[in-house]
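Residue numbers (this note's numbering): 42 to 157.
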Amino acid sequence: QVQLVESGGGLVQPGGSLRLSCVVSGSIFKIARMGWYRQAPGKQRDLVASITSGGYTKSYANSVKGRFTISRDNPKNTVYLQMNNLKPEDTAVYLCNTYPANATLWGQGTQVTVSS
Numbered sequence: 042q043v044q045l046v047e048s049g050g051g052l053v054q055p056g057g058s059l060r061l062s063c064v065v066s067g068s069i070f071k072i073a074r075m076g077w078y079r080q081a082p083g084k085q086r087d088l089v090a091s092i093t094s095g096g097y098t099k100s101y102a103n104s105v106k107g108r109f110t111i112s113r114d115n116p117k118n119t120v121y122l123q124m125n126n127l128k129p130e131d132t133a134v135y136l137c138n139t140y141p142a143n144a145t146l147w148g149q150g151t152q153v154t155v156s157s
């Protein structure tokens, strides 16, 4: 059974940084394109960034380009999201999943709150 567990969120001031981690159990990780998504209260869930299975190709939403970096460590079955220069509008629950997302794999996510 595949499970995804996100961590690393928290409260940070505008301009601050956080690094999110997502540990994936199960053998799909090494062949899966992975994505980080976020959902703010009252809004739809949006893709923030994605990375191919080998880690060579990455893509980002326009709103986070230049500030966020997605990476992965395949031996550790882990995908990361480094978030720099955080803004209040980045406040959301952040979740990882395959890309495209598999509806059966959503975890609890990790809350990121950017506020002074």
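Note that CB positions come from ideal geometry on N, CA and C, so glycine has one too.
Everything numeric in this text was worked out from a predicted model, so none of it was measured.
Do residue j and residue i have their beta-carbon atoms positioned less than 7 Å apart in this structure?
i      : j      : result
Asn118 : Phe70  : yes
Val64  : Gly148 : no
Ser66  : Gln44  : yes
Gln42  : Ser157 : no
Pick out whichever of the options has its Cα sitting closest to the Cα of residue i.
i      : options                         : result
Val105 : Thr132, Pro116, Thr93 and Ser94 : Thr132
Ser58  : Gly150, Pro141 and Gln123       : Gln123
Ala81  : Pro129, Met75 and Tyr97         : Pro129
Tyr97  : Thr110, Asn103 and Arg86        : Thr110
Asn138 : Arg79, Val53, Gln54 and Arg60   : Arg79
Ser112 : Val46, Leu45, Gly67 and Ser62   : Ser62
Gly162 : Gln54, Asn115 and Gln42         : Outside the displayed span of the chain (42 to 157) sits residue 162, for which this structure offers no information.
Ser91  : Ala73, Gln85 and Gly83          : Ala73
Tyr121 : Ala144, Thr93 and Thr154        : Thr93
Could you tell me how far apart the beta carbons of residue i and residue j are, in whole angstroms, since I believe they sit closer than 8 Å?
i      : j      : result
Leu127 : Gly56  : 7 Å
Leu88  : Tyr140 : 7 Å
Gly76  : Thr151 : Not really, about 15 Å apart at Cβ, beyond 8 Å.
Per the DSSP calculation, residue i is bridged to which residue(s)?
i      : result
Asn138 : Gly76
Val89  : Its beta-bridge partners do not exist; DSSP assigns none.
Gly51  : Val153
Val64  : Val46 and Thr119
Go through the region 91-147 residue by residue and report every complete run of the beta strand (DSSP E) that reaches 3 residues or more, in order. 99-101, 109-114, 119-124 and 133-139
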